[in-house]
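> Following this message is one structure expressed as structure tokens.
Residue numbers (my numbering): 162 to 291.
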């Protein structure tokens, strides 16, 4: 008989302590149990991913009061803005919250400008630089 045992948690990105189940504190989703991979071919990547008995997914999420874990974004897709980490999916959600927006996409780009915003309106592209 095979048992599938797993535990999931959301860990603070700095301290690796469990975050509060408050619906808003973002951390890294981590798993442990006998139903995960045992490692990568790359030993360094294995050491990075398996710390403190947990598999660190590099996904971010929050824990709700009922224990439900909500996926927020990939850690590599997080940007620091005004001193806090914000995910590209969160930015997209804010944009979609505007009633005039019906199509949107947010992505990382490297450019010479600190901030670049590109918007499409009536099939024309408008680019604003700050």
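Idealized CB from N, CA, C, for every residue including glycine. Values in this document were obtained by computation on a predicted structure and should not be read as measured data.
1. Using the DSSP secondary-structure output, state which residues sit across from residue 193 in a beta bridge.
2. Let me make sure I understand the geometry here. Which of 266, 258 and 186 has the alpha-carbon closest to that of residue 225?
3. Per DSSP, which residues does residue 239 bridge with? Please list them.
4. Is any heavy atom of the ligand SAH found at a distance shorter than 8 Å from the C-beta of residue 192?
5. With respect to the alpha helix (DSSP H) encompassing residue 219, which residues constitute its N-terminal and C-terminal limits?
6. Would you mind sorting residue 216 into buried or exposed? The rule is 16 or more other CB atoms within 10 Å of its CB.
7. Return the CA-CA distance between residue 234 and residue 268, expressed in angstroms with no decimal places.
8. Tell me, to the nearest whole angstrom, how far the beta carbon of residue 220 is from that of residue 208; I am working on the premise that it is less than 8 Å.
Short version:
1. Looking at the DSSP assignment, residue 193 forms a beta bridge with 168.
2. Comparing Cα positions, the closest option is 186.
3. DSSP, once it has assigned bridges, lists 248 as partnering residue 239.
4. For the structure depicted, the ligand SAH is absent and the ligand set is empty, with no information on it obtainable.
5. Residue 219: not part of any alpha helix (DSSP H); member of the beta strand (DSSP E) spanning 215-224, first to last residue.
6. Burial check for residue 216: the Cβ neighbour count within 10 Å reaches 16 or more, so the residue is buried.
7. Each residue's Cα considered, the two are about 12 Å apart.
8. In this structure, residue 220 and residue 208 do not form a Cβ contact; the two beta carbons are roughly 19 Å apart against a cut-off of 8 Å.
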